[in-house]
Amino acid sequence: MTELATLLEQWEPVIGLEVHVQLATASKAFSPSGVEFGAPPNSLTDPTVLALPGALPSFNRKALELALRLGVATGSKIRARCRFARKHYFYPDLPKGYQISQYDEPLCEDGAIDVWVAGERKKIRLQRIHLEEDAGKNLHHGATSLVDLNRAGVPLCEVVTQPDLRSADEASEYMRALHRLVRYLGVSEGDMEKGQLRCDANVSVRRRGEDRLGTRTELKNINSFRFVHKAIEHEIARQIRIIEGGGAVERETRLWDANAGVSQSMRSKEEVSDYRYFPDPDLPTLTIDGAMMRAVITSVPELPAARLERFMREYGLSFDDASTLTAERELADYLDAAVRAEGDGRLARPIANWILTELLRELAGRPIAEAPVAPAALAELVGLIADETISGKIAKDVFAKMIATGDGARAIVERDGLRQISDEGALRPLAEKIIADNPRQYGQYKAGKEGVIGFFVGQLMKATGGKANPQLASELMKKLLDA
Amino acid sequence: MSDELVFASAAATARRIKAREVSAREVTDAFLARIEARDGALGAYLAVDAAGARARADAIDAAVARGDEVGPLGGVPVGVKDVIVTEGLVTTAASKILDGWVPPYDATAVARLRAAGAVILGKLNCDEFAMGSSNERSGYRPCVNPWDPTRVPGGSSGGSAAAVAAGLAAATLGTDTGGSIRQPAALCGVVGLKPTYGRVSRWGAIAFASSLDQIGPLARTVEDAALLLEAIAGLDPRDSTSVDAPAPGLRAALGQGASGLKVGLPKEYFEGAIDPEIAASVRAAGDALVAAGAELREVSLPHTKYALPTYYIVAPAEASSNLARYDGVRYGHRAAARDLGDLYARTRAEGFGPEVKRRIMIGTYALRAGYYDAYYKKAQQVRALIKRDFDRAFEQVDVLLTPTTPAPAFAIGSKATPIDMYLADVFTLACNLAGIPGLVVPSGATAAGLPIGAQLLGKPLDEATLVRAGKVIEDALGGTRRPPAWTTGGAA
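Here the protein sequences come in this chain order: P and F.
In terms of the working numbering, the first sequence opens at residue 611 and continues consecutively.
In terms of the working numbering, the second sequence opens at residue 10 and continues consecutively.
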């Protein structure tokens, strides 16, 4: 790694990503078959998916709605009219012998996605976002190959960046940002394990200061955040070594082998296919009218990058805390709801802290939707700490009781008499008695061993069942001991 | 007796079955017996579903006996071109590559025919994947012309036209991509109707050229053609190019006559090499319309000469794409092969006939990167001009009257080159490029007794005017006649 870091002092990587995002529709892009992960092979098919003679595609408008949402959220230019095109190649997982895609008339162009790299916001420009259908899957069993067409015809958005990324870190941060975005928008479940987000990377290197782009290679099949980083870093190092060794990078497509941690050449430029694109005559021109755009625009929520900034600005959170709390839309929604319930933004930070520590610990990795305490209930608890009704320590016990009983914080405090004792007059007799009962410790204190005050405060807390206002308890003890 | 059943119009047969003057089973048996006895010499059918047809006819008879509604085609035996899929009944598009393939679903047009009460007799011969104008390009066997067995029935819906002409089906479905309903209808002396693009769902029509293909009826009378179109037309969510324009009451146009109708004669259709007997026959059809109160007017369609080259870019380009699915992986013919590339190459080399391969190669060439603009895109631009010609003509007239073919049925094997064959469609291609409807009606015969058909072209979705004018020509010129060799006592 340090070796690569040294190389990167002189070499600049230039990276563009093409990400396929599976759209969260219930049925396929051009036919009524369902979409489901892990269904028995070829159970999600119909005449159109199987490309039976005479079968025709008819477009699922839900896919358009989702793609438009992504287009709007990335500030893309949206075409009022666009067409589907057929992309031809022969492969057993492609039943029609062509993929329905978009070519010279993509739905969205010139958008951007904000990415945070080392606390800095960077705008990654998007070349295009277009609609297409997925292919099936070939399964190889020794000498036999089988085809599963369950995935064939599943609607995808292909999101293509400009070559704006300059490191493996930026590339994986971009992937995270895109992942967060599509999940926020409800455009995709974005589960990389299920292939719902698949990344191809175009990578080249050039000497720093050089304007001209180097020869690029295309890396395919990088299907986890970790692999995006690893595969790109591996490719950057490979290219630099070739050039420094006096060689030239070959324009080719390489397949990332996650198990071996290396890439292998798939095909060279000479073998590049001619896809014979032409407008699909089975599908009419898509027209996007004002009413549709208005509906999409109103359906787009506050985006993660904007929300992160708002959390820092309005709630006074650190970048790291804001970043964690905006990673999932539901988590950020929880914070907003709790802050709103409490009524006054003043408590936003302690609420955020409670979510980040106690609530997330309690959830232990489960999604926020399973939170045992509603946002308003958590806000009430934090409110009780803030107005000194209970101490932070007692609050943890109250929180546990809230989870166990489902009761509200205030009700538990009243019922169990947990209200904090903040009346000096009520504590003084107890404090005086503790000093009188412990002459040895008193002597130590008076001899200059000031740490012994902890003992006295602890005794006072114990005597009040933990309900003494801790600050008051410590001030009072000090005053009495020093008297 | 049998002659009267098999040469009756579909409308009359439906009426008689409903009135219990004859049973659906008797009618179906009469057609099946005739197919059994005589189709060996004709070659109209690729598959006959005798058991299915009889069961369906019995069900219709039972419904009639109960007094149930059996639909406007209740008990009428029809045949379906083999490029239209039929659930449970082998469908091959007359290609070896689909040998033995049994579809698991019905084309929308077939489902609607069944819903209207029709009895499906079987699947009709055609040129392979509907590519041809003579039925000589069938992957299985030729079909001959009932008027002269040494001549072609036309194509690609040759079996659909010959079966109606010879009394082997009361009516049939064909498909028309560049004249494939109208040209064989003219050559066999029957009525053929190509509807407006989108009027009939293409769901289940095995695609040749998606932007041109359209299913339509071939029938003995204009009324029957209208009856069938009424049954099959209308929006279908499974075909995104289908139009929300059902055709109820199309038959109401039958009795409207031609009074006040403005009929255009496109001069470009009468300028080239055209058989004088055909020119005279079209003039006779024009005279019949004038006699009924229509007004004839010469119009111009200046881009007509570009229709043929335009068609032969657009249609093969789309075909090369549509036929990519025949790869031996999921259904149909699969060749023994060493590896994947070999599987594709051998399957397609063995499965497709020469005309299909020719068009796949032309189309593949036209769509190559860097050639798209020069060929496909340019052809689409010319297509827009051809469409505009029709739009302008229809500002002046209600309907156009033209010859259907430059010559009557030609001898089997006489078209030496593909170009000679392509020229047989020179008058029918523009209609598909423009997406407008066309109707062919028998308008007489040559001195040698070969049928001639006049072509009427109409405004988009204005099949009613075609039916109206077609009925006038049919009444004046005698309509569909029975080929002598196919009537009782005639030698088959």
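All C-beta atoms in this analysis are idealised placements derived from N, C-alpha and C, irrespective of residue type, glycine included.
Predicted model, so just to flag it, every value in this text is computed and none were measured.
Minimum Cβ-Cβ distance from residue i to chain P less than 8 Å
i	result
F:R247	yes
F:S220	yes
F:A326	yes
F:T437	no
F:M10	Only weak support exists for where F:M10 lies, its pLDDT of 47 falling under 50; the value from the coordinates is given anyway. By this cut-off, F:M10 is not an interface position.
F:P469	no
F:I283	no
F:L244	no
F:R146	no
F:A501	Because F:A501 sits at a pLDDT of 45, beneath the cut-off of 50, its placement in the model cannot be relied upon, and the following sentence gives the value as read from the coordinates. Output row for F:A501: interface = no.
F:G83	no
F:A116	yes
F:L376	yes
F:R343	no
F:G266	no
F:R334	yes
Residue i - containing alpha helix (DSSP H), residue span
i	result
P:D779	A778 to L795
P:W964	A958 to W964
F:G49	A33 to L51
P:P765	Unbroken run through P:P765 is the beta strand (DSSP E), P765 to T771; no alpha helix (DSSP H).
F:P325	A316 to N331
P:L994	P985 to A996
F:T474	E472 to L486
Under 8 Å between C-beta atoms of residue i and residue j
i	j	result
P:V859	P:G824	yes
P:S798	P:A634	yes
F:P255	F:G243	yes
F:L122	F:L177	no
P:L1028	P:A1073	no
F:P275	F:L182	no
F:T313	F:E277	yes
P:L918	P:T897	no
F:S210	F:S251	yes
P:A722	P:I734	yes
Min CB distance residue i to chain F below 8 Å
i	result
P:R696	yes
P:D779	no
P:G707	yes
P:M611	Residue placement at P:M611 is flagged as unreliable, the pLDDT there being 47, under the threshold of 50; the coordinate-derived value follows with that caveat. Judged by the 8 Å Cβ criterion, P:M611 is not in contact with chain F.
P:E715	no
P:R886	yes
P:V659	no
P:D892	yes
P:L662	yes
P:L666	yes
P:P765	no
P:P702	yes
Residue span of the beta strand (DSSP E) that contains residue i, given as start and end
i	result
P:N812	L807 to R817
P:Q1081	From DSSP, P:Q1081 is part of no beta strand (DSSP E) but of the alpha helix (DSSP H) over P1080 to D1092.
F:Q464	P460 to G467
P:P1110	Beyond the ends of chain P as shown, which are 611 and 1093, falls residue 1110 of chain P; an answer cannot be given.
P:Q632	W621 to Q632
F:G295	Counting along the chain, F:G295 falls outside any beta strand (DSSP E), though it belongs to the alpha helix (DSSP H) covering P285 to A300.
F:I129	V128 to L133
F:V57	Y54 to V57
Inter-residue CB distance, residue i and residue j (contact presumed, cutoff 8 Å)
i	j	result
P:G800	P:R808	Between P:R808 and P:G800 the Cβ distance is about 11 Å, and since that is not below 8 Å, they are no contact.
F:A463	F:I482	6 Å
P:F640	P:S668	6 Å
F:L238	F:P204	6 Å
P:A762	P:D703	7 Å
Beta-bridge pairing of residue i - partner residues as DSSP gives them
i	result
P:F888	P:R696
P:R735	P:A722
F:V449	F:G201 and F:Q464
F:V408	F:V272 and F:G467
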